[in-house]
Every structure is written in C-alpha cells, then in structure tokens.
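Visitor: This is the structure I want to talk about, given as structure tokens.
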Amino acid sequence: MHQAADALQAPVVERKKRSIPTLQDIYRGDVLVAGKDRYSFYKKGSNESFFFHPNSATYRLKRILKGETDPLVVAADLKLGDSFLDCTLGLGSDAIIAASTVGEKGTVEGIEADQIVAFLTKVGLHNFPIDFPLLQEAMRRVQVIHAEAVDFLKTCETNSRDVVFLDPMFTTPIEESSNFEALREIGVTDTVTEEWVAEALRVCRRRVVLKDHFQSPMFERFGFIQQIRPYTKVHYGVMEK
C-alpha cells in the first residue's frame, strides 16, 4: 500500500466499506484499491476496475511450448540472448513473450508513458500469483521504464537494441476484454510519428516491428513491410536496418 503511495505521491486512506463512487466523490479523483493479491485502479467517473493480468501471454506461451509459432517472435526474428525494447508496454503481454524467447541472457525493456499503468504493470510482473513457472520467470525479467517513448529512445545509443517494438493503441478496438477497454480509457494513446520511427530505427541493430490493425495506414505510410496473417485483425510490419 505504502509502495503505491510513495510511487504515485498519493495519500493512503482506509476504505471503511465505502463504495468506489463514494470514495471518488469524497476525494474528487481516481481511486487505487490495495487488495490481497493485486491493486485495482478506478478512474474518476468509472466503476470499471483496471488491474494487471498477463492476459494473452499465458496461452501464447503454452502454444509456443507445444511447438507452435508466435507472430511477434516470427516478425521480430527473436533469438536467445537478444535485446528487445517495447516502446508501448501496456500490460506487457508482448514483452513477456519476448522475455520467454530471449531467455536469461537476453534483455527485455518496456516503456510505458502512463504513470498508473507503468506502476501496476511493474508490480504485477513481479508479484502476480500464477502456477506457471516459465511464464513467471519471463514476467520477472521484464524491466519497466516509466517514460515517453520518443524521449527515452533519444537517450539510447545507436544500434544498442536488437529489436525495437511499436504497438500503439489501436484506433479500432480488437481485444474485447473489459480490462483492455479500461486500459484504453486510462492509457496514453500516442500516434506513431516520423520522429518515433526514425529514433526506433536508429536505436535498433536489426529491425523495428510495428503491430497494428490490419487496415492501419501506418504500415504503408512509414515503409513497414506488412506481414499478412489471414483470418486475424492484428498484423505486424517489419522495417529492417
């Protein structure tokens, strides 16, 4: 509880069985509830909770262990020992898959611009209770960085990461879980810019990968080679160094 208060510079108050709307009205702001196993965030005016969960990373890793391919791993051409920089971390599903692929000798960093999302994801990656050792190990290896993506990229040395990954918030919603909708409400919705792509290309050693809706104009606009995936709305684009 005090960890959150220190990180977010917010006061700690006892709930005293009061409802979320009541607390939002009394303190005229957002509410972060410290539960037994997790933090739950409620944006002012909403009764919908937002909390950390590995989401799709769980079943994606299970598929990989069965010998199936993962589209991110293929698009990024990830290998053991690689360094992977996720510029739009969110809840970290892609970063977790990257961490499981690059292994202990690799590095995975995730940049998240929103302070609340960065905090919840950082704590969740290290504390989320799950009986899946390989997933848990991968989660622990993701390094969370609270910053604006372009600003952080500017501090990185040229050719310092094997892969730089961009996954802007889809203009057209694809995932339909309530937690994803809550993320859309509170998260930063940056649009990919020429500066962002240029910095990502400078920092990467091998390639920049863009994940977006299959109808997104961003692939063609910035020169990404779109990898066509039949029967799915999520496509990946690759820009080689």
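Position 76, counted from 1, in the sequence shown is what numbering that gives the first Met the number 0 calls 75; the numbers after and before it change by one each time, with no gaps. Ideal placement from N, C-alpha and C gives every residue a C-beta, glycine not left out.
#1: Quick one: Cα of residue 205 to Cα of residue 165, how far?
#2: May I ask you to report which of helix, strand or coil DSSP gives residue 230?
#3: Taking the alpha helix (DSSP H) that residue 52 falls in, what are its first and last residues?
#4: Which residues in the same chain as residue 147 place their Cβ atom closer than 6 Å to its Cβ, once the five residues preceding and following it in sequence are excluded?
#5: Just to confirm, are residue 94 and residue 141 a CB contact at a threshold of 8 Å?
#6: Applying the 10 Å Cβ sphere with the 16-neighbour rule, what's the burial state of residue 23?
#7: Do you know whose CA, among 67, 76, 214 and 55, lies nearest residue 237's CA?
#8: Should the segment 97 to 116 be called in touch with the segment 67 to 85, which here means at least 3 C-beta pairs below 8 Å?
#9: Enumerate in chain order the residues of its own chain whose CB-to-CB distance from residue 125 is below 8 Å, with the five nearest sequence positions on each side excluded.
#10: Less than 8 Å between C-beta atoms, sequence neighbours within five positions excluded: which residues of the same chain meet that for residue 153?
#11: Rounded to whole angstroms, what's the CA-CA distance from residue 11 to residue 4? Just pull it up for me.
#12: Give the DSSP bridge partners of residue 41, in chain order.
#13: Looking only at C-alpha atoms, which of 56, 230 and 103 sits nearest to residue 129?
#14: To test your reading of the DSSP string, which unbroken beta strand (DSSP E) runs of 3 or more residues are found completely within the segment 61 to 112?
#15: Since residue 164 sits in a beta bridge, which residues does DSSP pair it with?
#16: Residue range of the alpha helix (DSSP H) that residue 115 falls in?
#17: Report the rounded CA-to-CA distance for residue 43 versus residue 34, giving the unit in angstroms.
#18: Apart from the five residues on each side of it in sequence, which residues of its chain come closer than 8 Å, Cβ to Cβ, to residue 120?
#19: Distance, Cα to Cα, residue 156 vs residue 202?
#20: Which stretch, first to last residue, makes up the alpha helix (DSSP H) that contains residue 135?
#21: By how many angstroms is the C-alpha of residue 207 removed from the C-alpha of residue 40?
#22: Just mark residue 235 as buried or exposed, buried being the case when its beta carbon has 16 or more other beta carbons within 10 Å.
#23: Which class does residue 2 belong to by DSSP, given the choice of helix, strand or coil?
#24: Considering only C-alpha positions, which residue in the set 218, 216, 161 and 117 is nearest to residue 80?
Guide: In terms of the structure at hand:
#1: 14 Å
#2: coil
#3: Careful: residue 52 lies outside any alpha helix (DSSP H) and carries neither H nor E.
#4: Excluding positions up to five away in sequence, the list reads 112.
#5: yes
#6: buried
#7: Measuring from the Cα of residue 237, the nearest candidate turns out to be 76.
#8: yes
#9: Cβ neighbours of residue 125 beyond the five flanking positions: 138 and 139.
#10: The residues 198, in chain order, have a CB closer than 8 Å to that of residue 153 in the same chain once the five nearest residues on each side in sequence are set aside.
#11: Spanning the two alpha carbons is a distance of roughly 6 Å.
#12: 30 and 48
#13: 56
#14: 82 to 85 and 106 to 111
#15: Beta-bridge annotation (DSSP): residue 164 is paired with 85 and 208.
#16: 114 to 126
#17: 19 Å
#18: 51, 88, 89, 90, 91, 109, 111 and 143
#19: 6 Å
#20: 132 to 140
#21: Between the C-alpha atoms of residue 40 and residue 207 there is a straight-line separation of about 32 Å.
#22: buried
#23: helix
#24: 161
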